[in-house]
Each structure stands twice: as structure tokens, then as C-alpha cells.
Amino acid sequence: MKLLIQPSSAANAADGHMIQAPAPCLEHRPNHAARTILLGFAVLASAFIVEPALAELPTAVAAEGAASGDYIAIGKEYFKNGLIVLGLIIATLGFIAVAAGGIAKFNEYRIGRAELGDLGVLAVVGAVVLVLMVYLLNEAAVIIT
């Protein structure tokens with residue numbers, strides 16, 4: 167039985183020969199330059215085959231009260247709409263704050279740190295604040311538009 171690897175390097179030095187790995191077969195090695203050239207031709211061919219897109223951009227929707235092409239008036243109308251949306255966001259945050267305060271006060275009442283009258287006062291004052299806030303924001307929206 168012939169060993170491919172000698173048990174120690176001292177035995178190799180004593181024999182005077184080294185074991186060599188077999189050389190890779192060059193017949194099955196792909197030609198990388200040819201593949202790169204073919205890939206380049208394929209990319210160029212696909213670029214010439216694709217037709218340009220000739221779609222038109224959609225026209226901008228004109229805001230209410232602004233003439234088509236009057237970009238300053240369109241910007242003013244969009245700014246007014248943005249202020250109205252900001253008012254709606256403020257009203258929503260106010261409603262969430264009053265609701266969170268009511269839930270917190272109810273939790274304090276349940277634990278025993280607050281009385282039922284405190285919860286009632288918070289509900290009445292919160293409702294008044296919300297109604298007043300919605301009224302003022304509605305008046306501001308009327309003034310803006």
C-alpha cells in the first residue's frame with residue numbers, strides 16, 4: 167500500500183522527494199474573457215431593444231380658488247389646507263389628553279387616592295375644554311378660508 171502523505175517531514179527529507187498534488191485539468195476551465203465579452207454584448211443588446219417610455223406626467227390638481235398655472239395662489243391654498251389639518255391634529259391631541267387624564271383619574275379613584283367627585287370634575291372640565299377647543303379651531307378654519 168502506497169501512502170500519499172508521509173508520516174513525518176523527516177522521512178520526506180530523508181527520501182529526497184516531496185509529494186505533489188495533481189495539477190487541475192485545464193480542458194474544463196471556462197474562458198473568462200469570452201464570457202465577459204458575451205455578457206457585455208447581452209447588456210448592450212438589451213439596452214438597444216428596450217424602447218423609451220413616452221408617458222406624460224400627470225397634470226397637477228389645482229387647489230380651490232386658484233387658477234391653473236398660478237403657482238403662488240396654489241401654494242397659498244395648500245398652506246391654508248395644511249393649517250386646517252394642523253388644527254385637526256391639535257383637536258385630536260386634546261381629545262387624547264383629556265381621555266388619558268380621565269383614565270388616570272379613574273385609576274386613582276379605583277385605588278382609593280381620589281374621590282368620585284374628582285373624576286366628575288375632570289370629566290366636566292375636560293368636556294368644556296374640548297368643546298371650546300373645537301369651536302375655536304372651527305372659527306380659525308373659517309377665518310383662514
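Sequential numbering from 167 applies to the sequence shown in the numbering used here. Where is the CB? At the ideal position from N, CA and C, for every residue including glycine.
- For the pair Lys246 and Ala233, the Cα-to-Cα distance works out to about 16 Å.
- Cβ-Cβ separation between Lys271 and Ala280: approximately 6 Å, consistent with a contact (criterion under 8 Å).
- For Glu230, the CB contacts under 7 Å within the same chain, skipping 5 residues up- and downstream, are Glu243 in chain order.
- Relative to the Cα of Gly260, the nearest Cα in the group Ile250, Ser212, Ile215 and Ala293 belongs to Ala293.
- Contact annotation, Ala239 with Gly268: C-beta distance approximately 44 Å; criterion of less than 8 Å not satisfied.
- Here the alpha carbon of Ala266 sits roughly 14 Å from the alpha carbon of Gly286.
- In this model, Ile310 and Leu303 are separated by some 10 Å (Cα to Cα).
- Judged by DSSP in its simplified three-state form, Ala239 adopts helix.
- Note that the C-beta distance between Ala306 and Gly248 is not below 8 Å.
- Taken through DSSP and simplified to helix, strand or coil, Arg201 comes out as helix.
- DSSP, read as helix, strand or coil, puts Glu281 in coil.
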